[in-house]
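Numbering (this note's numbering), first residue to last: 224 to 321.
Here a beta-carbon is modelled for each residue, glycine too, at the ideal position from N, C-alpha and C.
For reference, the structure is listed below as structure tokens.
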């Protein structure tokens, strides 16, 4: 599993390796069962990190999206964000007709 980048931006304020040959796709799975979701995105990323079919993909499992992920997302050739929300066991009734 890849860890979030600690690299600094280029001196011009940009990112010197964006769009570079060899830029890799990034999959970020996020979720935290302590914050009202079921953590599926986090678990998906943990499982996919070891999948040999994804050897060319950087995979991150995080509890929430944070500004520190911006550089990793910026450098990726493509990005996929995986998250899920547990369904409400008692959904609200539909509104009455007008």
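Leaving out the 5 sequence neighbours to the left and right, which residues in its chain are closer than 7 Å to residue i when beta-carbon positions are compared?
i           : result
residue 247 : 279, 280, 281, 299, 300
Which same chain residues end up closer than 6 Å to residue i when comparing Cβ atoms and leaving out the 5 residues on each side of it in sequence?
i           : result
residue 273 : none
residue 308 : 260
residue 275 : none
residue 267 : 252, 305
residue 257 : none
Going by DSSP, what residue range makes up the alpha helix (DSSP H) through residue i?
i           : result
residue 263 : 263–271
residue 274 : Segment: none, residue 274 is in no alpha helix (DSSP H) and carries neither H nor E.
residue 293 : 293–298
For residue i and residue j, which I take to be in contact (beta-carbon distance under 8 Å), what is that distance rounded to the nearest angstrom?
i           : j           : result
residue 295 : residue 277 : Their Cβ separation, rounded to whole angstroms, is 16 Å, which puts residue 295 and residue 277 out of contact at 8 Å.
residue 306 : residue 249 : Not a contact, Cβ separation roughly 15 Å.
Looking at the unbroken beta strand (DSSP E) that takes in residue i, where does it start and where does it end?
i           : result
residue 249 : 249–253
residue 284 : 281–285
Quick one: using the 10 Å Cβ neighbour count with 16 as the cut-off for buried, is residue i buried or exposed?
i           : result
residue 245 : exposed
residue 292 : buried
Residues in its own chain within less than 8 Å of residue i by CB, not counting five upstream and five downstream?
i           : result
residue 265 : 252, 253, 254, 255, 284, 285, 286
Counting pairs of Cβ atoms below 8 Å between the segment 249–257 and the segment 286–296, do you hit three or more?
yes
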